[in-house]
Amino acid sequence: MRATLFGTGYVGLVTGACLAEVGHDVVCVDIDAAKIEGLRRGVVPIYEPGLEALVKSNQQAGRLRFSTDAGEGIAHGEVLFIAVGTPPDEDGSADLRHVLAVAHSIGQHLDAPKVIVDKSTVPVGTGDRVHAAIDAALRERGVQCTFEVVSNPEFLKEGDAVKDCMRPDRIVIGTDSVHAIEVMKRLYAPFNRNHERLVVMDMRSAELTKYAANAMLATKISFMNEMANIAERVGADIEMVRQGIGSDPRIGYAFIYPGAGYGGSCFPKDVQALERTARQHGYQARILDAVERVNEAQKAHLYELVSRHFGGALQGKCFAVWGLAFKPNTDDMRQASSCTLLDLLWKAGASVRAYDPEAMDEARRVFGERDDLVLCPSAEDALNGADALIVVTEWKAFWNPRLPDLAARLRAKVVFDGRNIYDPSEVEAAGLAYYGIGRGRSVVRP
């Protein structure tokens with residue numbers, strides 16, 4: 046089949062490359078001419094394991110092309126995907142300007158029946174607005190052309206996006222059109238051979254499904270961080286608690302890891318957008334509001350542990366920071382806990398030596414040049430002249446440091462473990478003070 050994707054971010058580029066990989070003829074359209082030119086030369090603008098090889102191989106095979114010409118993309122595709130960003134607006138609601146701009150562009154060029162697919166994460170009711178925008182543009186042209194709008198939300202995890210796309214848990218299709226369902230079944234047939242993955246529902250239910258999924262996962266994270274904060278105060282070890290509750294199959298182990306708070310392009314934005322949608326319909330989503338507030342507070346918790354250890358005297362201190370991306374296997378720093386931590390350290394008069402396996406270029410873009418930040422070529426180099434080590438992102442490369450070397454190099458001999466990847470007893474046996482998240486080693490007394 047012929048598919049066109051509008052947007053070459055995480056969702057559009059991964060989806061386009063994976064559709065090409067299973068044999069479809071794909072065109073990806075973006076208004077960013079520099080990005081499109083880079084993609085034509087095989088330069089993938091984001092780090093995602095396996096994506097660069099997929100893009101290059103399918104370009105060489107002629108199944109994947111890139112263009113800035115919306116008309117070309119619309120003429121090419123039987124199925125037109127809208128996969129542009131929906132950043133938070135000033136009030137936290139989803140900004141649909143890019144989505145509706147693509148819809149208007151489709152209406153300006155449409156001259157044959159098409160299926161238009163909302164792949165972006167959008168509030169409930171957006172499908173109707175997309176339909177109305179296309180219809181209005183067609184009326185302006187005086188053209189009558191049939192088309193159908195489908196909600197097909199993505200469920201891609203950054204760092205595992207290619208795998209998630211090639212082997213999806215489920216493929217949610219939101220439409221009441223029998224024809225559109227058949228088109229989507231044909232499109233996704235190569236991903237659906239092992240067992241039935243298609244979950245068909247109405248469009249508004251599909252739109253809410255995406256938000257509900259992310260809100261549920263974010264809730265589990267904030268709940269576990271709340272339990273970790275209680276554990277610190279009562280002298281319990283949250284890692285033992287995690288194993289105790291995770292063994293219950295009704296709860297499970299996924300997304301119950303305490304840490305420095307969630308970030309990225311999805312959870313913060315989607316929890317806010319769903320809460321604002323509820324408010325617009327006269328409902329106060331108290332749990333969502335609490336999830337958001339707990340997470341924002343948790344992002345400052347590592348700093349609180351650091352400040353407590355040093356008695357608030359951070360002026361002139363230097364900290365090695367391992368991990369800047371919001372999670373491993375990505376270079377994405379949007380809403381990352383590292384940004385909150387570094388900002389608080391700088392305000393307290395401290396300096397930072399930081400390293401991340403993939404996010405160094407992004408860090409330079411985010412932070413710019415400043416005297417109190419050194420972006421280091423390796424984790425070991427970040428330790429030079431540091432008083433303490435703070436681990437923010439749980440990259441595998443950070444899991445097994447030489448603890449005696451840390452003890453010899455860190456002037457204050459202390460490790461702050463924001464993801465609980467170290468055994469406190471082993472760290473302390475090496476002569477280092479240890480602070481984790483909810484480990485009972487840093488008991489807070491009222």
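FYI, in my numbering the residues of the sequence shown are 46 to 491.
Cβ atoms here follow ideal geometry from the backbone N, Cα and C, with glycine treated the same way.
All figures in this text were calculated on a predicted structure; none of them were measured in a lab.
> Are the CB atoms of Phe51 and Ile127 nearer to each other than 8 Å?
Replying inline: yes
>> Taking 8 Å as the threshold (C-beta atoms), are Val366 and Val397 in contact?
In response: yes
> In this structure, does DSSP put Asn455 in helix, strand or coil?
Replying inline: Looking at the sequence itself, residue 455 is Leu, so the reference to Asn does not match. Leu455: coil per DSSP, three-state reduction.
> Who are the near neighbours of Gly172 in its chain, counting only those whose CB is closer than 6 Å to its CB and skipping five residues on each side?
Replying inline: Asp163, Val194, Ser196 and Met248
> When we look at the beta-carbon of Asp432 and count the other beta-carbons within 10 Å, is it buried (16 or more) or exposed?
Replying inline: buried
> Near His154, which residues of its chain fall below 6 Å by C-beta distance, leaving aside the five closest residues on each side in sequence?
Replying inline: Gly116 and Ile119
> When we look at the beta-carbon of Ser423 and count the other beta-carbons within 10 Å, is it buried (16 or more) or exposed?
Replying inline: exposed
> Quick one: what's got a C-beta closer than 6 Å to Trp391's C-beta in the same chain, skipping five residues either side?
Replying inline: Asp417
>> Quick check on Asp75: buried or exposed, where buried means 16 or more other Cβ atoms within 10 Å of its Cβ?
In response: buried
> Going by alpha carbons, who is nearest to Gly87 out of Asp77, Leu99, Arg242 and Ala225?
Replying inline: Leu99
> What whole-angstrom Cβ distance do Arg464 and Glu439 have, given they're in contact under 8 Å?
Replying inline: 4 Å
> Based on Cα-Cα distance, which residue from Tyr348, Leu428 and Lys314 lies nearest to Glu337?
Replying inline: Lys314
> Between the Cα of Gly368 and the Cα atoms of Tyr400, Asp388 and Gly394, which residue gives the shortest distance?
Replying inline: Tyr400
>> Per DSSP, what are the beta-bridge partners of Asp70 in this structure?
In response: Arg47
> Ala474 lies in the alpha helix (DSSP H); which residues open and close that run?
Replying inline: Pro469 to Ala474
>> Suppose the cutoff is 7 Å on Cβ atoms and the five residues either side in sequence are ignored; what does the same chain contact list for Arg321 look like?
In response: Asp136, Gly137 and Ser138
> Between Ile151 and the rest of its own chain, which residues show a CB-CB distance below 7 Å, the 5 nearest in sequence each way excluded?
Replying inline: Ile119, Leu125, Ile161 and Ile179
> Could you give the distance in angstroms between the alpha-carbon of Ala78 and the alpha-carbon of Gly54?
Replying inline: 14 Å
> Which whole-angstrom value is the C-beta distance of Ala475 and Leu448, which I expect to be below 8 Å?
Replying inline: 4 Å
> Going along the chain, which residues of its own chain have a beta-carbon closer than 6 Å to the beta-carbon of Gln343, five neighbours each way excluded?
Replying inline: Asn270 and Gly306
> Which value, in whole angstroms, describes the spacing of the CA atoms of Arg331 and Cys210?
Replying inline: 33 Å
>> Excluding the 5 residues flanking Ile296 on each side, which residues of the same chain have their C-beta closer than 7 Å to its C-beta?
In response: Ile290
> What residue from Val228, Ala381, Ala62 and Arg186 has the CA that sits closest to Ala206's CA?
Replying inline: Ala62
> In angstroms, rounded to a whole number, what distance separates the CA positions of Val67 and Leu84?
Replying inline: 20 Å
>> Taking the alpha-carbon of Gly430 as reference, which of Gly361, Asp468 and Phe412 has the nearest alpha-carbon?
In response: Gly361
>> Are the CB atoms of Val244 and Ile216 within a distance shorter than 8 Å?
In response: yes
> What is the DSSP secondary structure of Met229, reduced to helix, strand or coil?
Replying inline: helix
> Does the Cβ of Asn340 have 16 or more other Cβ atoms within 10 Å, making it buried, or fewer, making it exposed?
Replying inline: buried
> Do you know offhand how far Asp221's Cα is from Pro402's?
Replying inline: 46 Å
> Over what stretch of residues does the beta strand (DSSP E) that includes Glu135 continue unbroken?
Replying inline: Element bounds for Glu135: n/a, residue is neither H nor E.
> Nearest CA to the CA of Arg410: which residue from Met229, Gln325 and Ala370?
Replying inline: Ala370
> If Ser310 sits next to Asp377, beta carbons under 8 Å apart, how far is it from one beta carbon to the other, in whole angstroms?
Replying inline: 6 Å
> Excluding sequence positions up to five away, which residues of its chain have a Cβ less than 6 Å from the Cβ of Ala257?
Replying inline: none
> Is Tyr348 helix, strand or coil by DSSP?
Replying inline: helix
>> Helix, strand or coil, according to DSSP, for Ala157 in the structure here?
In response: coil
> If you draw a straight line from the alpha carbon of Ala276 to that of Asn103, how long is it in whole angstroms?
Replying inline: 50 Å
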